[in-house]
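Please read the structure below before turning to the comments.
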Amino acid sequence: MKTGNFILKTPDFYYLCNHIIKYYVMHVVIKDIEDPSEVKLLEDIQREVWKGEEIVVPSYVMIAAREVGGVLLGAYLDDKLIGFVFGFQGEFKGYRCMYSHQLAVLDPYQNYGVGTILKLKQREDALRRGFKLIVWTYDPLRSKNAILNINKLGCITNTYLPNHYGEMTDELNRGVPSDRFMVEWWIDSKWYFRRIRYKYYEDWNKDIHIILEARREEEDILPIYHGYLNRDTIGVEIPVDIDNVGRNPQEMKVTWRMRTREVFTELFSMGYIIVRYMLYKNHDYKGVYILKKGFNPEDPGSWI
1032 MKTGNFILKT
1042 PDFYYLCNHI
1052 IKYYVMHVVI
1062 KDIEDPSEVK
1072 LLEDIQREVW
1082 KGEEIVVPSY
1092 VMIAAREVGG
1102 VLLGAYLDDK
1112 LIGFVFGFQG
1122 EFKGYRCMYS
1132 HQLAVLDPYQ
1142 NYGVGTILKL
1152 KQREDALRRG
1162 FKLIVWTYDP
1172 LRSKNAILNI
1182 NKLGCITNTY
1192 LPNHYGEMTD
1202 ELNRGVPSDR
1212 FMVEWWIDSK
1222 WYFRRIRYKY
1232 YEDWNKDIHI
1242 ILEARREEED
1252 ILPIYHGYLN
1262 RDTIGVEIPV
1272 DIDNVGRNPQ
1282 EMKVTWRMRT
1292 REVFTELFSM
1302 GYIIVRYMLY
1312 KNHDYKGVYI
1322 LKKGFNPEDP
1332 GSWI
């Protein structure tokens, strides 16, 4: 697969492509977006992906960020721009980092690994600039994002940001507090190299304490709190599809938001870190975040 002006033949590519190799990925070219007219096209991609106007980053802001060290990479299929990743330099927890503000792929091309390849190319670019850390936010209740960020890429997080962006009116976020995880992608760590070599879409069947259960009762998927037990490893379940959680989906989304906010905030304050997100073999309506106390990506031990 081409990326920029060379063929990507890293171990990351080969391990991931055991799972995501499909037509689109094999024909997608990843390269810097330099033409201002193409940067302008990214505004339309944002509108289509996020179904709103208020969260659209103007093209002139992207161009300005790129001029002072930002990253703006596009995914092209047959010369058509189908996705992009946009980020800029910053600092987090005292570490110099790249902040990845947006990753977007047009709907017809989603679920083919395009987003993953964009992130791997962003990682290459960051390493070339001397960065060891890339950070970004995502909605904790979006299972698809958890699969990409936590399991495919090997991100970790212990940072919960309540109502981070304030009230949002786009289709995906309307009426629900804009809580976010800030994930840390330690792109040259032992944990990164270990996770990138394992299956990212595994069934979870280990016996751990589930502090918050996603329980199906008739047409609703309810958050059931089971209380804290002092264990090194704890699970927090969420619905796989947060937009379809019951007879009153908007009300249930808010219920899930407030309950998970409480649980994650408590666990993070106690030293737990999210290290995995797994799907169940026999419960296709829910997934589970796996949290481990005192986890260190540079010394992960034998735990996977």
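Mapping the sequence shown onto the working numbering, position 54 (from 1) lands on 1085, and the numbers just tick up by one.
All C-beta atoms, glycine included, are put in the ideal place defined by N, C-alpha and C.
Buried/exposed call for residue i, threshold 16 Cβ in 10 Å
{"i": "T1296", "result": "exposed"}
{"i": "E1248", "result": "exposed"}
{"i": "K1312", "result": "exposed"}
{"i": "T1291", "result": "buried"}
{"i": "Q1153", "result": "buried"}
{"i": "Y1231", "result": "Bear in mind that a pLDDT of 46 at Y1231, under 50, signals an unreliable position, so the model cannot answer this."}
{"i": "P1193", "result": "exposed"}
{"i": "R1205", "result": "exposed"}
{"i": "V1099", "result": "exposed"}
{"i": "S1220", "result": "buried"}
{"i": "K1082", "result": "exposed"}
{"i": "P1089", "result": "exposed"}
{"i": "Y1358", "result": "No statement about residue 1358 is possible, as the shown extent of the chain runs from 1032 to 1335 and does not include it."}
{"i": "N1279", "result": "exposed"}
{"i": "A974", "result": "Since the first residue of the chain shown is 1032 and the last is 1335, residue 974 is not available in this structure."}
{"i": "P1139", "result": "exposed"}
{"i": "D1156", "result": "buried"}
{"i": "E1084", "result": "exposed"}
{"i": "G1125", "result": "exposed"}
{"i": "T1200", "result": "exposed"}
Three-state secondary structure assigned by DSSP to residue i
{"i": "M1309", "result": "strand"}
{"i": "K1221", "result": "helix"}
{"i": "H1257", "result": "coil"}
{"i": "I1064", "result": "coil"}
{"i": "E1248", "result": "strand"}
{"i": "L1179", "result": "helix"}
{"i": "H1240", "result": "strand"}
{"i": "Y1140", "result": "helix"}
{"i": "S1174", "result": "helix"}
{"i": "I1052", "result": "Residue placement at I1052 is flagged as unreliable, the pLDDT there being 47, under the threshold of 50; a coordinate-derived value is accordingly withheld."}
{"i": "D1330", "result": "coil"}
Range covered by the beta strand (DSSP E) that runs through residue i
{"i": "Q1120", "result": "K1111 to F1123"}
{"i": "T1264", "result": "T1264 to P1270"}
{"i": "G1105", "result": "V1102 to L1108"}
{"i": "I1321", "result": "K1317 to K1324"}
Endpoints, the alpha helix (DSSP H) within which residue i is located
{"i": "S1300", "result": "P1280 to S1300"}
{"i": "V1070", "result": "P1067 to W1081"}
{"i": "D1201", "result": "No alpha helix (DSSP H) contains D1201, which DSSP labels as neither H nor E."}
{"i": "E1098", "result": "S1090 to E1098"}
{"i": "R1228", "result": "R1228 -> no alpha helix (DSSP H), and no H or E assigned at all."}
{"i": "D1156", "result": "V1145 to R1159"}
Counterpart residues of residue i in DSSP-defined beta bridges
{"i": "V1214", "result": "W1167"}
{"i": "A1135", "result": "F1115"}
{"i": "T1190", "result": "Partner(s): none; T1190 has no beta bridge."}
{"i": "Y1126", "result": "F1123"}
{"i": "Y1303", "result": "K1324"}
{"i": "V1059", "result": "L1108"}
Distance CB(residue i)-CB(residue j) smaller than 8 Å
{"i": "G1318", "j": "V1276", "result": "no"}
{"i": "L1112", "j": "E1069", "result": "yes"}
{"i": "W1217", "j": "P1328", "result": "yes"}
{"i": "R1225", "j": "H1240", "result": "no"}
{"i": "Y1130", "j": "F1119", "result": "yes"}
{"i": "L1134", "j": "G1146", "result": "yes"}
{"i": "Y1259", "j": "F1212", "result": "no"}
{"i": "L1322", "j": "Y1308", "result": "no"}
{"i": "I1265", "j": "L1310", "result": "no"}
{"i": "V1092", "j": "Q1077", "result": "no"}
{"i": "I1273", "j": "R1160", "result": "no"}
{"i": "I1094", "j": "I1181", "result": "no"}
{"i": "D1210", "j": "R1288", "result": "yes"}
{"i": "L1243", "j": "V1214", "result": "no"}
{"i": "I1061", "j": "L1149", "result": "yes"}
heavy atom of the ligand GTP below 7 Å from residue i C-beta
{"i": "K1163", "result": "Within the structure as shown, the ligand GTP is missing, as the structure has no ligands at all."}
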